[in-house]
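*Asks:*
Protein chains: 2
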Amino acid sequence: MTYSTNFSIEDLRFDNYGLIPAIAQDWLDGSILMLAWMNKESLTMTLETKNVHYWSRSRSEIWRKGATSGSTQILKEIRFDCDNDALILLIEQNGSGACHTGEKSCFFNEIKINQSDKKEKKTTPFSNICSELFN
Amino acid sequence: MTYSTNFSIEDLRFDNYGLIPAIAQDWLDGSILMLAWMNKESLTMTLETKNVHYWSRSRSEIWRKGATSGSTQILKEIRFDCDNDALILLIEQNGSGACHTGEKSCFFNEIKINQSDKKEKKTTPFSNICSELFN
């Protein structure tokens with residue numbers, strides 16, 4: 001269940017650097033594309049323009065996603081969590097993908113875990129079902 | 001595309017507090033359940049036991065998810081991102097849900113954005129399709 005809320009940026013809890021983590025999720029297939037950071041200003045710019053803006057921790061500047069690459073992100077929905085310190089951005093991803101490597105998602109590295117666990121799968125996981133549906 | 005990798009925890013980039021953000025995603029329906037934090041020890045315990053352990057920033061202690069509530073999380077897959085500083089945990093959620101409020105997901109608060117944007121939707125978003133499929 002999702003509740004709409006009368007929202008003020010002041011309700012959010014930013015960390016000691018003035019930042020909040022923002023998870024970008026593909027609004028069509030639900031895949032997680034990236035995790036980046038926002039400050040109040042970049043969040044405000046995102047809400048006002050629908051073009052997702054992050055705070056670049058390496059460059060210490062506001063960063064309009066895709067400004068140079070063309071891989072812009074258009075905000076469709078935005079949610080925050082129960083303790084007000086994390087965001088989900090449901091976005092439409094333009095261009096080749098969210099990742100600077102050219103991959104659709106930044107999370108392309110899988111850590112191998114005990115393979116015996118995989119044998120226990122009795123149902124088709126989400127990623128397979130939605131890949132077939134949307135690709 | 002996902003690449004399996006020979007993984008060392010030392011390859012990951014933990015922040016100045018020794019922590020890395022971990023996004024818990026339901027392995028069956030792809031919904032994002034929560035964002036929490038791990039240190040090296042809680043990540044190691046998670047990989048060894050398949051029971052997800054986080055670092056509680058409020059209590060400054062390792063926290064086995066669901067230890068008191070029963071809402072444990074069983075690790076199915078784990079990925080890290082292109083700059084090695086964020087994790088996705090694909091998990092099987094036990095109990096009533098991931099959130100201490102009783103909700104399935106901690107991200108139940110939606111921020112209202114310009115409603116004219118919603119009128120532009122021409123396709124059925126992921127959340128609706130997968131709700132129908134899995135619920």
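Protein chains in written order, with the numbering used here: chain A, 1 to 135; chain B, 1 to 135.
Built from N, CA and C at the ideal position, the CB exists for glycine as well.
(1) Can you check which of these residues, B:N39, B:L47 and B:F107, is closest to T32 of chain B by C-alpha distance?
(2) For the region 6-25 of chain A against the region 34-43 of chain A, are there 3 or more C-beta pairs whose distance is under 8 Å?
(3) Would you mind giving the Cβ-Cβ distance between R64 of chain A and N51 of chain A, rounded to the nearest angstrom? I have them listed as a contact below 8 Å.
(4) Restricting to Cα atoms, I'd like to know which of B:E48, B:Y54 and B:D26 is closest to A36 of chain B.
(5) With respect to the beta strand (DSSP E) encompassing L87 of chain A, which residues constitute its N-terminal and C-terminal limits?
(6) Confirm, please, whether the CB-CB distance from P21 of chain A to A86 of chain A is below 7 Å.
(7) With a threshold of 7 Å between beta carbons, is G102 of chain A in contact with chain B?
(8) Straight-line CA distance for T49 of chain B to K76 of chain B?
(9) Do G95 of chain B and S56 of chain B come within 7 Å of each other at the CB atom, strictly closer than that value?
(10) Measure the alpha-carbon distance for N16 of chain B versus K104 of chain B and round it to whole angstroms.
(11) How many angstroms separate the CA atom of L19 of chain B from the CA atom of E110 of chain A?
(12) If the cut is a Cβ gap below 9 Å, which residues of chain A does M34 of chain B touch?
*Replies:* Considering the structure as presented:
(1) According to the sequence as given, residue 32 of chain B is Ile; it is not Thr. Of the candidates B:N39, B:L47 and B:F107, the residue whose Cα lies closest to the Cα of I32 of chain B is B:F107.
(2) Three or more Cβ pairs drawn from the region 6-25 of chain A and the region 34-43 of chain A lie within less than 8 Å of each other, which places the two stretches in contact.
(3) About 6 Å; that satisfies the 8 Å criterion.
(4) Ranked by Cα distance from A36 of chain B, the options B:E48, B:Y54 and B:D26 are led by B:Y54.
(5) Element bounds for L87 of chain A: L87 to Q93.
(6) Contact: yes.
(7) Cβ-Cβ to chain B under 7 Å: no for G102 of chain A.
(8) Their backbone Cα atoms lie some 11 Å apart in a straight line.
(9) Result no, Cβ atoms of S56 of chain B and G95 of chain B do not sit closer than 7 Å.
(10) Within the model, the alpha-carbon separation for N16 of chain B versus K104 of chain B is close to 31 Å.
(11) Put simply, the backbone Cα of L19 of chain B is about 19 Å away from that of E110 of chain A.
(12) Around M34 of chain B, the beta-carbon contacts reaching into chain A at under 9 Å are D81, C82 and A86.
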